[in-house]
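Per the numbering used here, residue 4 is the first one in the sequence shown, and the count goes up by one each step. Have a look at the structure below before the remarks.
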Amino acid sequence: MMKYFWSILVAVFVLIGCKSDDDSLQRIDQALNIYVKNSAGQDLLNSKKTGSFTGYSVNDIFGNKDNSPVSISLRMTTDSLFYMDYLAGAKRRRLDSISPDNPGTGTSYFSRMQITYTKSTNVAENVIDTLEIQYRNTPTVFQVSKVLYNRVPVFSKDADAPTSINTVTITK
Numbered sequence: 004m005m006k007y008f009w010s011i012l013v014a015v016f017v018l019i020g021c022k023s024d025d026d027s028l029q030r031i032d033q034a035l036n037i038y039v040k041n042s043a044g045q046d047l048l049n050s051k052k053t054g055s056f057t058g059y060s061v062n063d064i065f066g067n068k069d070n071s072p073v074s075i076s077l078r079m080t081t082d083s084l085f086y087m088d089y090l091a092g093a094k095r096r097r098l099d100s101i102s103p104d105n106p107g108t109g110t111s112y113f114s115r116m117q118i119t120y121t122k123s124t125n126v127a128e129n130v131i132d133t134l135e136i137q138y139r140n141t142p143t144v145f146q147v148s149k150v151l152y153n154r155v156p157v158f159s160k161d162a163d164a165p166t167s168i169n170t171v172t173i174t175k
């Protein structure tokens, strides 16, 4: 009888030890959909449209080598709008402590990439820009907090905002 008691007691402790606590999980919110248009609203990533870019490449400025490509897929919405789908891939550097008065609240990081757009008219023409993504990292969330394009803020997100795909629109 005592043998069964100990077996049941061990099983109960194992179940309690394996209990899942959703509050202890960190939410990850770092997906970006990046649309590029001109001032008239034309989709500049649709290479079939006159005046649009015919291609692009992305390089991690903090990469191990001068040429450290970052893979950013080109996708299309159901409305036939093209966008760059960025999930991750560029190295991050520590930016600062989110709350200097309470350093345990988290840290912010940033990635910086160079985007080279190619435009083919009679001669291949390259346009080089920078994309900086800032992240908020706390015990409960790792999320995009701000996006800068050529050092100009184009997107920001509050700390308590729900997890979502972050939509960034660049006007060139």
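Glycine residues also receive a C-beta, built at the ideal position from the N, C-alpha and C atoms. All values derive from a computational prediction rather than experimental measurement.
Review point. What number of angstroms, rounded off, separates the C-alpha of Thr124 from the C-alpha of Tyr152?
Key: Linking Thr124 to Tyr152 through their CA atoms gives a straight-line distance of about 25 Å.
Review point. Alpha carbon to alpha carbon, what distance is there between Ala164 and Arg139?
Key: So the alpha carbons of these two residues sit roughly 12 Å apart.
Practice item. Along the beta strand (DSSP E) that carries Ala127, what are the first and last residues, could you check? Key: Segment 127-140, the beta strand (DSSP E) holding Ala127.
Review point. Where Met244 and Asp161 are concerned, what is the direct C-alpha to C-alpha distance, given to the nearest angstrom?
Key: Because the chain spans 4 through 175 in this model, residue 244 falls outside it and cannot be assessed.
Exercise for review: Output the distance between the C-alpha atoms of Gly54 and Val171, rounded to the nearest integer angstrom.
Suggested key: So the two alpha carbons sit approximately 21 Å from each other.
Review point. Do you know offhand how far Thr174's Cα is from Asn49's?
Key: Inter-residue distance for Thr174 and Asn49 is about 14 Å (C-alpha atoms, whole angstroms).
**Study point:** Proximity below 8 Å, CB of Tyr89 to CB of Thr80
**Key:** Not in contact: Tyr89 and Thr80 (Cβ atoms no closer than 8 Å).
Point to revise | Residues near Arg96 in its chain [Cβ-Cβ closer than 7 Å; skip 5 each side] | key: Taken in chain order, the residues that qualify are Phe65, Tyr112, Phe113.
Check your understanding: Mapping DSSP to helix, strand and coil, what is Gln33?
Key -> DSSP, reduced to helix, strand and coil, places Gln33 outside both helices and strands of the structure shown, so it counts as coil.
Review point. Hey, how far is the Cα of Ser42 from the Cα of Ser71?
Key: Linking Ser42 to Ser71 through their CA atoms gives a straight-line distance of about 31 Å.
**Study point:** Cα-Cα separation, Ile136 to Val126
**Key:** Approximately 32 Å between the Cα atoms of the pair.
Check your understanding: Taking the DSSP output, what are the residues bridged to Asp88?
Key -> Asp88 pairs with Asn36, Ser76.
Check your understanding: Do you know how far the Cα of Ile75 is from the Cα of Leu35?
Key -> Distance between the alpha carbons of Leu35 and Ile75: 10 Å.
Review point. Thinking C-beta only, is Asp32 closer than 8 Å to Lys40?
Key: Not closer than 8 Å, so no.
Check your understanding: What is the DSSP secondary structure of Phe65, counted as helix, strand or coil?
Key -> In the structure shown, Phe65 sits in coil (DSSP, three-state: anything other than H, G, I, E or B).
Review point. Going by beta carbon distance, what residues of the same chain come within less than 6 Å of Ser60, once the five residues before and after it are set aside?
Key: Cβ neighbours of Ser60 beyond the five flanking positions: Thr119.
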